[in-house]
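Heads up: the sequence lines are chains A and B, in that order.
One point on numbering: in the working numbering, the residue at position 263 of the first sequence is 608, and numbering is uninterrupted.
One point on numbering: in the working numbering, the residue at position 89 of the second sequence is 434, and numbering is uninterrupted.
By construction, the Cβ of each residue, glycine as well, lies at the ideal position given by its N, Cα and C atoms.
One structure below.
Protein chains: 2
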Amino acid sequence: MENTGFGKLKISIVGLGVIGGSFAKGLKDVPKAKLYGIDTDENTLAKAKNEGIIDQGFIDPFIPVQESDIIILCIYPKQITDFISKYKDCLKDGVIITDATGIKQGFIEKINPILPPNADFVFGHPMAGREKKGIDFSSGEVFKGANYLIVPNERNKEENINKIEELVKAIGFKKISRISAKRHDEIISYTSQLPHAIAVSLINSDEWEEDMGLFIGDSYRELTRIASINESLWCQLFMGNGENLIHQIDLFQNKLNQLKSCLVNEDEENLIKLFKESSERREKIS
Amino acid sequence: MENTGFGKLKISIVGLGVIGGSFAKGLKDVPKAKLYGIDTDENTLAKAKNEGIIDQGFIDPFIPVQESDIIILCIYPKQITDFISKYKDCLKDGVIITDATGIKQGFIEKINPILPPNADFVFGHPMAGREKKGIDFSSGEVFKGANYLIVPNERNKEENINKIEELVKAIGFKKISRISAKRHDEIISYTSQLPHAIAVSLINSDEWEEDMGLFIGDSYRELTRIASINESLWCQLFMGNGENLIHQIDLFQNKLNQLKSCLVNEDEENLIKLFKESSERREKIS
Chain A
346 MENTGFGKLK
356 ISIVGLGVIG
366 GSFAKGLKDV
376 PKAKLYGIDT
386 DENTLAKAKN
396 EGIIDQGFID
406 PFIPVQESDI
416 IILCIYPKQI
426 TDFISKYKDC
436 LKDGVIITDA
446 TGIKQGFIEK
456 INPILPPNAD
466 FVFGHPMAGR
476 EKKGIDFSSG
486 EVFKGANYLI
496 VPNERNKEEN
506 INKIEELVKA
516 IGFKKISRIS
526 AKRHDEIISY
536 TSQLPHAIAV
546 SLINSDEWEE
556 DMGLFIGDSY
566 RELTRIASIN
576 ESLWCQLFMG
586 NGENLIHQID
596 LFQNKLNQLK
606 SCLVNEDEEN
616 LIKLFKESSE
626 RREKIS
Chain B
346 MENTGFGKLK
356 ISIVGLGVIG
366 GSFAKGLKDV
376 PKAKLYGIDT
386 DENTLAKAKN
396 EGIIDQGFID
406 PFIPVQESDI
416 IILCIYPKQI
426 TDFISKYKDC
436 LKDGVIITDA
446 TGIKQGFIEK
456 INPILPPNAD
466 FVFGHPMAGR
476 EKKGIDFSSG
486 EVFKGANYLI
496 VPNERNKEEN
506 INKIEELVKA
516 IGFKKISRIS
526 AKRHDEIISY
536 TSQLPHAIAV
546 SLINSDEWEE
556 DMGLFIGDSY
566 RELTRIASIN
576 ESLWCQLFMG
586 NGENLIHQID
596 LFQNKLNQLK
606 SCLVNEDEEN
616 LIKLFKESSE
626 RREKIS
């Protein structure tokens, strides 16, 4: 870990929730000059300081923002726009900003025009999280072995993209891929937002009853874990990627209807084909 | 564990796959006279014997079936019908038979007429399993804390139902509920078969690509774990409960369409309502 190249850098994390807290915990053993935590909640800052995962906590971003070489924004998409608008004139020259937002295209189009020329925003997406809110549910472990997506754009300097890649690798992310904003939003609507839409709809079924807990096994538990959902955040993510998500829901419903047809027609042969295809595909991802 | 009341009983497990193997491993520390394993695969029997989870293995069920006080059938639904037809005249007087089949109504209607009067079949359903096949994936741990459903019918003696409840409690099942065959199949089509239909359809989407593994997080991984599916078994379960499952798919599609409408109409208020409802429901099951 000695050679990660952050030894002289000051890093700020904005928003010490479950994601920001996990970044802070993940950075614990990565050498750096200072790690600042910025949050609107004093208790959260006190906890982070007491647990030794940040060097200093701030409610007012003014000072840490001026000093930071890297700023990791772990707040909701709309708050990021407000944050940049408000603090764009206090940013340190050459600062690298990154984020953890689950949608990119519309978001980047909003952020880039308000960025000052001395700041480079390298848009990122850690493909890991928790269904719970707050620092208490954060963990340095959640990012270990996980995927990380970087969405470069024409403003980015290659060396800054490399820096963020190096940083998330040091935290424990395993496979780091670069992807265009358009493709990111398409693929994420399938791998992330659609599963959430499914989980929510599964548990919201009219079949659900209060004593359901007696009749479930691991499969139902797993398929509904993310039905416990941060409603404000996910509302922004869904609405910010609506067109793609609608398309993915349609594709998914087609496949479910195909399976339903097998049941209606008592077509065992085609049902088994669907099962074989799904099993083969599942073997290919780990 | 001394007083579980199985100390003098001989128990046979038919089919040492992932479920039968887990039963055997779960029974390891439960006192009993003998535990016999019956399987068509010699290697499986040798493994079970070497690992000390059965006392003796048999390819031919004739001898163990004659001696057994309890027979646990962990084979596919159709194989159970064949098994009972073939061995019904060799069963020990007063034998209690149980199973692990995921559908009940049509199944019980097939089994009961072919049962001899000296045998009591207490239909059971362990709400736990693994997506993989075979004894290598079995584990005594998988049943710990899990739900167990008993589906009594008019042929059953209360004392025999109690015996099976006692047995599965000794193995580690936590909440054991009795339920009618009709309700069992309705509720299981929602809590078990629908999640499998969803997982299969999610991974079978046209959006899926070979390099998908780079763009997924825990939610996609969890929602598709059971898409790796034992196709012969689940084809029987789906077809044996088709009407209920079709109904559940319809209910689920309704909810998903409701969510989709929120996206189409950019209706944040109702989307947040759906998220709040799903979160509240998820809190109530553990």
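On a CA-only basis, which of the options is nearest residue i? Give me that one, please.
{"i": "K514(A)", "options": "N492(A), N615(A), E499(A)", "result": "N492(A)"}
{"i": "D414(B)", "options": "C607(B), K520(B), G439(B), G485(B)", "result": "G439(B)"}
{"i": "E588(A)", "options": "Q593(B), L608(B), W579(B)", "result": "L608(B)"}
{"i": "K618(B)", "options": "E576(A), N615(A), E622(A), K600(A)", "result": "E576(A)"}
{"i": "G585(A)", "options": "G382(A), T385(A), K455(A), T389(A)", "result": "K455(A)"}
{"i": "S534(A)", "options": "L361(A), Q450(A), G371(A)", "result": "Q450(A)"}
{"i": "E554(A)", "options": "L418(B), R627(B), S483(B), G479(B)", "result": "R627(B)"}
{"i": "D563(A)", "options": "F583(B), H541(B), F466(B)", "result": "H541(B)"}
{"i": "T385(A)", "options": "G365(A), Q581(A), K379(A)", "result": "G365(A)"}
{"i": "E531(B)", "options": "N498(B), D551(B), L590(B), E552(B)", "result": "L590(B)"}
{"i": "I594(B)", "options": "S631(A), E622(A), S546(A)", "result": "S546(A)"}
{"i": "P422(B)", "options": "I383(B), F583(B), I356(B)", "result": "F583(B)"}
{"i": "I313(B)", "options": "F403(A), I630(A), N610(A), I383(A)", "result": "No answer is possible for residue 313(B): it lies beyond the span of chain B, which begins at 346 and ends at 631."}
{"i": "L512(A)", "options": "G469(A), E387(A), P461(A)", "result": "G469(A)"}
{"i": "E486(A)", "options": "A473(A), I543(A), N498(A)", "result": "A473(A)"}
{"i": "Q581(B)", "options": "K477(B), I420(B), Y565(B)", "result": "I420(B)"}
{"i": "I398(B)", "options": "D405(B), D551(B), I383(B)", "result": "I383(B)"}
{"i": "D551(B)", "options": "I543(A), I404(A), D556(A), L596(A)", "result": "L596(A)"}
{"i": "F407(A)", "options": "A445(A), T443(A), S357(A), F368(A)", "result": "S357(A)"}
{"i": "F351(A)", "options": "F368(A), E387(A), I509(A)", "result": "I509(A)"}
{"i": "A544(B)", "options": "L604(B), K527(B), N507(B), A572(B)", "result": "A572(B)"}
{"i": "K605(A)", "options": "K502(B), D612(B), H592(B)", "result": "H592(B)"}
{"i": "T389(B)", "options": "K379(B), I417(B), I416(B), V359(B)", "result": "V359(B)"}
{"i": "H529(A)", "options": "D427(B), N498(B), M557(B)", "result": "M557(B)"}
{"i": "H417(B)", "options": "R500(B), P471(B), S484(B)", "result": "As written in the sequence, residue 417(B) is Ile, which differs from the His given in the question. The shortest C-alpha separation from I417(B) is found at P471(B)."}
{"i": "N498(B)", "options": "N457(B), S484(B), K519(B)", "result": "N457(B)"}
{"i": "I634(B)", "options": "G490(B), V496(B), N505(B)", "result": "Because chain B in this structure spans residues 346 to 631, residue 634(B) falls outside the shown range and cannot be described."}
{"i": "K478(B)", "options": "E614(B), W579(B), D612(B)", "result": "W579(B)"}
{"i": "V363(A)", "options": "F620(A), S484(A), K502(A)", "result": "S484(A)"}
Based on the DSSP secondary-structure assignment, which residues constitute the bridge partners of residue i?
{"i": "N492(B)", "result": "K520(B)"}
{"i": "V467(B)", "result": "T443(B)"}
{"i": "Q401(B)", "result": "Y381(B)"}
{"i": "K355(A)", "result": "K379(A)"}
{"i": "M472(A)", "result": "N492(A)"}
{"i": "L390(A)", "result": "Answer by DSSP bridge pairing: none, since L390(A) is not bridged."}
{"i": "L418(A)", "result": "V359(A), D444(A)"}
Can you round the beta-carbon distance between residue i and residue j to whole angstroms, since I take them to be within the 8 Å contact cut?
{"i": "L354(B)", "j": "K377(B)", "result": "6 Å"}
{"i": "Q401(B)", "j": "Y381(B)", "result": "5 Å"}
{"i": "G447(A)", "j": "F488(A)", "result": "The pair is not a contact, with the Cβ atoms about 15 Å apart (cut-off 8 Å)."}
{"i": "N463(A)", "j": "L436(A)", "result": "7 Å"}
{"i": "L559(B)", "j": "L568(A)", "result": "Wrong, their Cβ atoms sit about 23 Å apart, outside the cutoff."}
{"i": "I459(B)", "j": "S624(A)", "result": "Rounded, the Cβ-Cβ distance is 33 Å, inconsistent with contact."}
{"i": "I441(A)", "j": "L361(A)", "result": "Not a contact, Cβ separation roughly 20 Å."}
{"i": "F482(A)", "j": "R475(A)", "result": "5 Å"}
{"i": "E425(A)", "j": "D405(A)", "result": "As written in the sequence, residue 425(A) is Ile, which differs from the Glu given in the question. Not confirmed; about 17 Å, so no contact."}
{"i": "G490(A)", "j": "K519(A)", "result": "5 Å"}
Does the beta-carbon of residue i, which I'm using as the reference point, lie nearer than 7 Å to any heavy atom of the ligand NAP?
{"i": "P540(B)", "result": "With respect to the ligand NAP, the structure shown offers nothing to examine, as it has no ligands at all."}
- request: Taking only beta carbons into account, state which residues of the stretch 604–616 of chain B come closer than 7 Å to chain A, listed in chain order.
  value: L604, K605, L608, V609, E611, E613, L616
query: Listed from N- to C-terminal order along the chain, which residues in the stretch 401–413 of chain B have their beta-carbon within a distance smaller than 8 Å of any beta-carbon of chain A?
result: none
- request: Could you name the residues of the stretch 554–570 of chain B whose beta carbon sits closer than 9 Å to any beta carbon of chain A, in the order they occur along the chain?
  value: E554, E555, D556, M557, G558, L559, F560, I561, G562, D563, S564, Y565, R566, E567, L568, T569, R570
message: Tell me which residues of the stretch 485–519 of chain B have at least one Cβ-Cβ distance to chain A shorter than 9 Å, keeping chain order.
response: V487, A491, N492, L494
message: Closer than 9 Å between beta carbons: that is the criterion. Which residues of the stretch 463–484 of chain B meet it against chain A?
response: P471, M472, A473, G474, R475, E476
- prompt: Do the stretch 389–399 of chain A and the stretch 526–545 of chain A make contact, defined as three or more Cβ pairs closer than 8 Å?
  reply: no
Selection of the stretch 575–598 of chain B by Cβ proximity to chain A, strictly under 7 Å: E576, W579, C580, F583, M584, G587, L590, I591, Q593, I594, L596, F597, Q598
message: Tell me whether the stretch 597–615 of chain B and the stretch 522–529 of chain A touch, counting them as touching only if at least three CB pairs, one residue from each stretch, are closer than 8 Å.
response: no
message: With a threshold of 8 Å, are at least 3 pairs of Cβ atoms found where one atom belongs to the stretch 425–437 of chain A and the other to the stretch 361–375 of chain A?
response: no
task: Pull out every residue of the stretch 539–555 of chain B whose Cβ sits closer than 9 Å to any Cβ of chain A, in chain order.
output: L539, P540, H541, A542, I543, A544, V545, S546, L547, I548, N549, S550, D551, E552, W553, E554, E555
task: Would you list, in chain order, the members of the stretch 424–455 of chain B that have their beta-carbon closer than 7 Å to a beta-carbon of chain A?
output: none
query: What residues from the stretch 360–378 of chain B come within 8 Å of chain A, judged by C-beta to C-beta, listed N to C?
result: none
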